[in-house]
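K.L.:
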Amino acid sequence: MSNVLARAHAAGGRNFSRPQTAELLRIQEDERRRIARELHDGINQQLAVLVIGLGRLVQNPQSARATIRRQLNELRDQAAELAQDVRALSHRLHPAILEHLGLNSALRSLCARISQSEGIPIRFVADRGQPPNREISLSLYRIAQESLHNVAKHSQASQAEVRLEHSKNRFRMRVRDDGIGFSRRADADDPGIGLTGMAERARLVGGRFHVQSSPRRGTTICVSVPADAGKPTKQE
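Take 1 as the starting number for the sequence shown in the working numbering and just add one per residue.
1. Can you tell me whether V86 is helix, strand or coil according to DSSP?
2. Could you spell out where the alpha helix (DSSP H) holding S224 opens and where it closes?
3. If you follow the beta strand (DSSP E) that H166 is in, where does it begin and where does it stop?
4. Tell me where the alpha helix (DSSP H) around S109 begins and ends.
5. Would you call the CB atoms of V205 and E146 closer than 8 Å?
6. Quick check: what's the CA-CA separation for G179 versus L72?
7. Kindly list the residues whose CB is nearer than 7 Å to the CB of A106, restricted to its own chain and excluding five residues on each side of it in sequence; keep chain order.
8. Grouping DSSP H, G and I as helix and E and B as strand, with all else coil, what is H94?
9. Got a sec? Which residues, its chain only, sit under 6 Å from S90 by beta carbon, not counting five neighbours each side?
10. My output table needs one value for S213: the three-state DSSP class, helix, strand or coil.
11. In whole angstroms, what is the alpha-carbon distance linking G218 and Q159?
12. Can you pull the DSSP bridge partners for M173?
13. What are the boundary residues of the alpha helix (DSSP H) that I122 is part of?
14. Check whether the stretch 167-176 and the stretch 47-54 are in contact - that is, three or more C-beta pairs closer than 8 Å.
15. Just to confirm, are L101 and A79 a CB contact at a threshold of 8 Å?
16. Would you tell me roughly how many angstroms separate the C-alpha atoms of E31 and R65, rounded to the nearest one?
17. Report yes if the C-beta distance between E161 and R172 is below 8 Å; otherwise report no.
18. With DSSP collapsed to three states, give me the class of R208.
19. Going by DSSP in three states, G181 sits in which element: helix, strand or coil?
20. Please list the terminal residues of the continuous alpha helix (DSSP H) segment that includes N150.
21. Taking the alpha carbon of R208 as the reference point, which residue from G197, T220, V225 and T196 has its own alpha carbon closest?
22. Would a C-beta distance cut-off of 8 Å place L148 and L110 closer than the cut-off?
23. Taking all protein chains shown into account, do 16 or more other C-beta atoms lie within 10 angstroms of the C-beta of S214, making it buried, or fewer, making it exposed?
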């Protein structure tokens with residue numbers, strides 16, 4: 001399901017309509033939520049029980065010889081690492097922190113996690129304005145997630161920044177890096193499913209999406225969304 005947009009885009013080409021894209025995005029989000037719930041309630045709980053059980057064996061010096069205890073230690077560490085990977089996958093599919101703590105906390109956690117895993121300093125800056133509703137929060141989070149994925153995989157950046165601002169009637173988010181950038185003119189005929197998906201997410205909440213980039217001058221993703229998440233408007 002994670003590649004549904006890519007497959008549909010390849011099949012439909014440039015005639016792939018906005019209503020079709022919007023419906024696919026909604027289906028994809030529902031599928032992500034379902035998989036995240038299954039991972040959390042099933043596999044992750046089983047792994048947690050495994051880690052606890054192995055830990056008890058290791059703490060009992062009479063349960064095994066030194067060699068076996070060492071092996072049990074290794075198994076416990078492997079199981080704990082696997083559990084952490086499953087939690088990270090669950091978070092990527094549908095971040096619970098977004099619903100429980102809000103967009104600011106979710107974006108801060110996203111920046112910290114990618115910064116740690118990719119070795120790229122990512123700064124998060126946000127004002128203390130009114131938090132956006134669930135629909136806007138999810139759209140902005142997914143745009144930031146895709147933008148930072150591009151930073152990590154393609155930009156060769158030494159640093160990046162995510163900035164979220166709230167004015168009287170709009171939310172504005174900017175994701176900026178100092179990487180190699182790209183030519184908008186060269187890519188105009190084929191913007192890629194990543195940029196297309198981000199633009200569509202912004203449009204679905206009545207927002208505007210814009211990319212600023214040029215070779216060797218980095219890339220900036222700009223999103224502006226009305227605070228009331230009005231009906232879709234034409235993208236910039």
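For each residue, glycine too, the CB sits at the ideal point set by N, CA and C. Note that this is a predicted model, so its numbers are computed, not measured.
P.N.:
Let me spell this out:
1. helix
2. No alpha helix (DSSP H) holds S224; the beta strand (DSSP E) holding it covers T219 to P226.
3. A160 to H166
4. L103 to E118
5. no
6. 44 Å
7. P95, I97, L98 and Y141
8. coil
9. A36, L39 and H40
10. strand
11. 10 Å
12. L164 and V223
13. Unbroken run through I122 is the beta strand (DSSP E), I122 to A126; no alpha helix (DSSP H).
14. no
15. no
16. 47 Å
17. no
18. strand
19. coil
20. R134 to N150
21. V225
22. yes
23. exposed
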